[in-house]
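Numbering (this note's numbering), first residue to last: 2 to 185. Backbone N, C-alpha and C fix where the C-beta goes; we use that ideal spot for every residue, glycine too.
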Amino acid sequence: MLSVSIKTHRERPNKKTEIQMSNLWKQSGVPHKGWTLVDVIDIREDGQSEDDTSYESCMMCGNEKIRYVHIVTHDEIDEEFRVGCICAENMTNDYVNPKRLERELRNKATKRRTWLKKEWKVNQNGNRYLNYHDHHLLIYKDKKSDKYKVKIGEIFGNKKFDTIQEAKNAAFNGISYLKDHDQW
Ligand SMILES: [Zn+2]
């Protein structure tokens, strides 16, 4: 039997569970082939620093400190497995897409880093703004909550943030979303 707990897509794994993991490539009870790649995620997608990152371990080989987590499923296994790129390739027998999706996330992470370094201007109300690709971006203080909110063009974001940096990160996510949906 597997000693791993069922995890949903975005949930952080329980550290203790990870430590107990052994190399399942050496065990016959777990299928080594026939897995399907569901998604690849960057566990630092919220712009957190390296120190704040809870890296994961590969559920298949136990390899530690994985940032780009490949989520794979198998008909015979109830739960999703969160693994590294090489294990994902071997489990899915797909040597193109796991690497490609991880590369896309790496590129996005680089863009995010560059984005977060941008200097925003301060308007006469004391709010940060940035004119970016013909779009007016604004980070303003919500009077009720005293937290920061983001406006992209004419779109007001709903979420509130404690810091300007978090709001800038959210603006990046908002722009990415609009780009992905051809609304940018
Ligand atoms: Zn692995």
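Check                                                                                                       : Outcome
Where the alpha helix (DSSP H) through L117 begins and ends                                                 : N98 to L117
R83 beta carbon less than 8 Å from that of D65                                                              : At residue 65 the sequence reads Glu, which differs from the Asp that was named. No.
Option in S29, R45 and S177 with minimal Cα separation from M61                                             : S29
Outcome for T111 when other beta-carbon atoms lying within 10 angstroms are tallied against a minimum of 16 : exposed
DSSP three-state assignment for I44, whether helix, strand or coil                                          : coil
Cβ-heavy atom distance, N64 to ligand 3, below 7 Å                                                          : By its list of ligands, the structure shown excludes ligand 3, since it contains just ligand 1.
Identity of the residues DSSP links to F162 by a beta bridge                                                : Y149
Cβ-heavy atom distance, V31 to ligand 1, below 7 Å                                                          : no
CB of L139 within 8 Å of CB of N128, strictly                                                               : yes
Where the alpha helix (DSSP H) containing T93 begins and where it ends                                      : C86 to T93
Cβ-Cβ separation, K160 to A200 (assumed contact under 8 Å), whole Å                                         : Residue 200 lies beyond the range of the chain shown here (2 to 185); nothing can be said about it.
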